[in-house]
Amino acid sequence: MPRSIWNGTVSFGLVHVPVKLYSATESKTVSFREVHLPDGARTEHRRFCSAEDREVPYEEVVKGFEVADGEYVVLDKDEIAAAAGPRNRLVDVEAFVPAGDIDPVFYERTYYLGARDGGEDGYALLREALAATGRAAVGRFTFHNREYVAAIRPMGDVLALHTMRFADEVVAGNDVEIGEPRRAPSDREVKMASQLVASLHEEFDPAARRDEYREAVLDLIRRKAAGEEIETPREEAPEEEPDLAAALEASLGGKG
1 MPRSIWNGTV
11 SFGLVHVPVK
21 LYSATESKTV
31 SFREVHLPDG
41 ARTEHRRFCS
51 AEDREVPYEE
61 VVKGFEVADG
71 EYVVLDKDEI
81 AAAAGPRNRL
91 VDVEAFVPAG
101 DIDPVFYERT
111 YYLGARDGGE
121 DGYALLREAL
131 AATGRAAVGR
141 FTFHNREYVA
151 AIRPMGDVLA
161 LHTMRFADEV
171 VAGNDVEIGE
181 PRRAPSDREV
191 KMASQLVASL
201 HEEFDPAARR
211 DEYREAVLDL
221 IRRKAAGEEI
231 ETPREEAPEE
241 EPDLAAALEA
251 SLGGKG
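In the numbering used here, the protein residues as written are 1 to 256.
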């Protein structure tokens, strides 16, 4: 049974649903330690006081905000939590929006919501209402000392909560360099590209793809641990710019 990481209430209208928050994802990234090259010993990062020129224990380290040069205001975790006020344990739903209207660029992390004792009926009601209307509940909540916009939507039999970026945290794509094409795509090229897209159509299956890079890194680690000498690949020369029409036709097996 997974352990919940936050307990609170989802509130919409006069309905209050006690919920628990669970992680929906976990990192599978290969982690490396920092080691000292000459002897292979693991290195350590220590907390050092710049004024006393000595290492200090963890319990003497607190969070401080610099208000002037070298002057800090220190807040403990209870004081930081107090900044959230009554929203500290509340997902306050402000609106219900069409789920498809939310651009994925705004999604940050995904969590699962479960029902706490006494919240089962309200949980089921919210899940069914969102599924029936195709909408997501959008509101705010404070988590890990930060306020988030959150979107709640059904995901199978459970409710998923997505933390979201604020609009000013999303960089507009207007300044991205895409260059000017030398010519507009021809009707024939657009038709062949559309045929290629259609020929590669499939229903999305997240389990159909795996992290091949991670597997390759783990395999390299096993080989080097066994004493194998690892050869680094040579950098390949850049390919010539393709003839788009020829590349499309070849991709379609000459059926363009």
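Don't be surprised by glycine CBs; every beta carbon is placed ideally from N, CA and C.
Check whether residue i and residue j have beta carbons under 8 Å apart
i, j, result
"residue 91", "residue 150", "yes"
"residue 4", "residue 114", "yes"
"residue 249", "residue 192", "yes"
"residue 67", "residue 74", "no"
"residue 158", "residue 112", "yes"
"residue 15", "residue 118", "no"
"residue 252", "residue 161", "no"
"residue 62", "residue 76", "yes"
Backbone CA spacing between residue i and residue j [nearest angstrom]
i, j, result
"residue 154", "residue 168", "27 Å"
"residue 132", "residue 208", "29 Å"
"residue 148", "residue 18", "19 Å"
"residue 22", "residue 245", "49 Å"
"residue 28", "residue 218", "12 Å"
"residue 135", "residue 116", "23 Å"
"residue 194", "residue 181", "19 Å"
"residue 177", "residue 183", "17 Å"
"residue 199", "residue 64", "58 Å"
"residue 223", "residue 231", "11 Å"
"residue 203", "residue 220", "33 Å"
"residue 212", "residue 247", "26 Å"
"residue 179", "residue 185", "14 Å"
"residue 141", "residue 44", "36 Å"
"residue 36", "residue 58", "24 Å"
"residue 235", "residue 174", "32 Å"
"residue 71", "residue 2", "42 Å"
"residue 243", "residue 187", "15 Å"
"residue 126", "residue 50", "53 Å"
"residue 52", "residue 38", "31 Å"
"residue 32", "residue 99", "39 Å"
Presumed contact (8 Å Cβ cut-off) between residue i and residue j, rounded CB distance
i, j, result
"residue 55", "residue 46", "5 Å"
"residue 25", "residue 89", "Wrong, their Cβ atoms sit about 23 Å apart, outside the cutoff."
"residue 189", "residue 139", "About 46 Å; that fails the 8 Å criterion."
"residue 214", "residue 30", "6 Å"
"residue 137", "residue 130", "7 Å"
Nearest neighbour of residue i, chosen from the options [CA to CA]
i, options, result
"residue 145", "123, 157, 79", "79"
"residue 108", "166, 89, 211, 96", "166"
"residue 20", "7, 124, 201, 120", "7"
"residue 170", "103, 243, 160, 196", "103"
"residue 128", "142, 143, 77, 152", "152"
Bridge partner(s) assigned by DSSP for residue i
i, result
"residue 7", "20"
"residue 12", "15"
"residue 259", "Nothing can be reported for residue 259, as the shown portion of the chain is limited to 1 through 256."
"residue 54", "49"
"residue 147", "142"
"residue 110", "162"
"residue 252", "Residue 252 is not bridged to any residue."
"residue 96", "137"
"residue 63", "75"
"residue 152", "137, 161"
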